[in-house]
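Those sequence lines, one after another, are chains S and G.
Counting the first sequence from 1 gives a position; the working numbering is that position plus 6.
Counting the second sequence from 1 gives a position; the working numbering is that position plus 17.
Note that the Cβ used here is the ideal one computed from N, Cα and C, for glycine as well.
Every value quoted in this text rests on a predicted model; they were computed, and no experiment measured them.
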Amino acid sequence: MTVGSQVKQTLAVLKGAESTLRVYSLQEQDKKVKKVYKEAMDAVDGVTKNLKDRLKYLEYEEPQYKQN
Amino acid sequence: MKIWITILLKSTVLFFVTLFFVTILGKKHPSRITPFNFINYSVIAFLIALTCTNVIYNWVIGILAIAVWMLLPLILEYASMKSKFIYNLLKGKGIVVVKEGKVMEENLSKIGYSGEDLLRELRSKNVFNLADVEFAMMESTGDVNILMKSDKRPLTPNDLQIEVCQEGAPQTVILDGNVINESLSNLGLNQGWLDLQLESKGVSLDNVFIGQVNSKGELYIDLFDDLIQTPQSNVRKILYANLEKAQADLMAFALETQDEKVKDMYTRDSDILKNVLIKLKPYLLK
């Protein structure tokens, strides 16, 4: 597996985790727990953004790995 | 009037009077009543029995006596709710029998307890060793309640400084194949959500005997057909595992890359995820 596709896979996992966290934060009744989920979601969101940028760079550097 | 008609009438009337009396008396546990209450109730029971079987022949006298024994405790009950003084007078105060690990002998003799009696009460609460007792109190109902020494108390997550998820009471949303809409809306959910959950578990509503939703919003169902295995929801564990995997991936990327700036970014992100994992652990893993 190339670096590009590995990063892509991790990105997909993180995106899935983020959306699950979003569901939990909406579903949760307890305000404190809701906040914990929300903060976790925001932290994961930051990581996802960084990875996305990195992926763009990788695809630019190594166009042969670009997948659709 | 024939005697059997009298008895029939008196019994029926007194039956409903007693029923009414018991309902306004409140939901006190019968074993938690004070000795005086016990005598009170016994007298009422006797009076009713005697009146309706015509042993007390004059029904006016019977009813009068019953009324006094029923109304006085109600009045006193009300008064004791309003005044602390009357409360103490009526129900008595609890008496401390063990304080700071030492038996209070005078207090024991006040309530007519011997050392053996105290030990028996402690044993009935599963305390065999007097040395483990920090504080014990005899309630006015005769119960002995015990506070153990702090090193003999059961371990709690707080002692181990483990953070645990606050779990509220679960709501029963399905009973006998019927949806209970009230508890569903208490959780902020609706029938559509329930249908979706049942569909993902692959069971029909008619087959569900009991369905409960816990405070995390997970549905647990018990089916009429016990041969069908229902999948247990482990989405939370999977989510935790996924985040853990992503964190490990980021660490691997940081090791692989040559670019110092990118290495920094990966390490930072991996640390962020590590913190997230620590925070989420009590809520996702249990």
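Query: Start-to-end residues for the beta strand (DSSP E) that takes in G/Q229; Result: 225-230
Query: Residue-chain proximity (S/E45, chain A), Cβ-Cβ < 9 Å; Result: Included in the structure are the protein chains S and G, with no chain A among them.
Query: Backbone CA spacing between G/K233 and S/K44 [nearest angstrom]; Result: 15 Å
Query: Identity of the residue in S/K37, S/A49, S/V9 nearest S/E24 by Cα; Result: S/A49
Query: For G/F145, the three-state DSSP class (helix, strand or coil); Result: coil
Query: Nearest-angstrom beta carbon gap, G/V150 and G/G118 [assumed within contact, 8 Å]; Result: 7 Å
Query: Within chain S, the residues that G/M282 reaches when beta carbons sit closer than 8 Å; Result: N56, R60
Query: According to DSSP, residues forming a beta bridge with G/V115; Result: G/V120, G/A153
Query: Those runs of the alpha helix (DSSP H) which lie wholly inside the region 148-214 of chain G and span at least 4 residues; Result: 198-203
Query: Where the alpha helix (DSSP H) containing G/Y130 begins and where it ends; Result: From DSSP, G/Y130 is part of no alpha helix (DSSP H); its letter is neither H nor E.
Query: When G/Q246, G/L192, G/R285, G/L204 are compared against G/V220, the one with the closest alpha-carbon; Result: G/Q246
Query: Outcome for G/W86 when other beta-carbon atoms lying within 10 angstroms are tallied against a minimum of 16; Result: buried
Query: Chain S contacts from the region 183-194 of chain G (Cβ-Cβ distance under 9 Å); Result: Q183, G185
Query: Coil, strand or helix - G/D276 by DSSP; Result: coil
Query: Presumed contact (8 Å Cβ cut-off) between G/Y257 and G/L222, rounded CB distance; Result: At roughly 31 Å, the Cβ-Cβ gap does not stay under 8 Å, so G/Y257 and G/L222 are not in contact.
Query: Distance CB(G/L125)-CB(G/L139) smaller than 9 Å; Result: no
Query: Test item: CB-CB of G/N57 and G/K27 under 9 Å; Result: no
Query: Where the beta strand (DSSP E) containing G/D239 begins and where it ends; Result: 236-240
Query: Beta-carbon contacts of G/S131 that lie in its chain and below 8 Å, excluding the five residues immediately before and after; Result: L125
Query: Where G/V293 meets chain S, residues with beta-carbon distance less than 7 Å; Result: A46, A49, V50
Query: Given G/N251 as reference, the closest of G/P171, G/N198, G/L236, G/A265 once Cα atoms are compared; Result: G/L236
Query: 7 Å CB neighbourhood of G/I65 in its chain, flanking five on each side removed; Result: L31, T35, I83
Query: Spatial distance of G/S202 from G/V115 (CA atoms); Result: 49 Å
Query: The region 99-116 of chain G / the region 157-168 of chain G touching (three or more Cβ pairs under 8 Å); Result: yes
Query: Residue-level contact to chain G via CB, S/T16, 9 Å cutoff; Result: yes
Query: Cutoff 8 Å; reference G/I20; Cβ partners in own chain excluding five residues on either side; Result: N71
Query: Cβ pair count under 8 Å reaching 3, the region 25-35 of chain S against the region 175-183 of chain G; Result: no
Query: Under 9 Å between C-beta atoms of G/L91 and G/I41; Result: yes
Query: Reduced DSSP category for G/L302 - H, G, I as helix; E, B as strand; rest coil; Result: coil
Query: Contact with chain S by G/F270, beta-carbon distance below 9 Å; Result: yes
Query: Proximity to G/I191 [Cα-Cα], best of G/I227, G/N162, G/G79; Result: G/I227
Query: Cβ neighbours of S/L27 in the same chain (closer than 6 Å, five flanking residues each side left out); Result: Y43, A46, M47
Query: Entirely enclosed beta strand (DSSP E) segments - the region 42-84 of chain G, minimum 3 residues; Result: none
Query: Contact between the region 205-212 of chain G and the region 255-271 of chain G (3+ Cβ pairs under 8 Å); Result: no
Query: CA-to-CA distance, S/K58 to S/Q15, given in whole angstroms; Result: 11 Å
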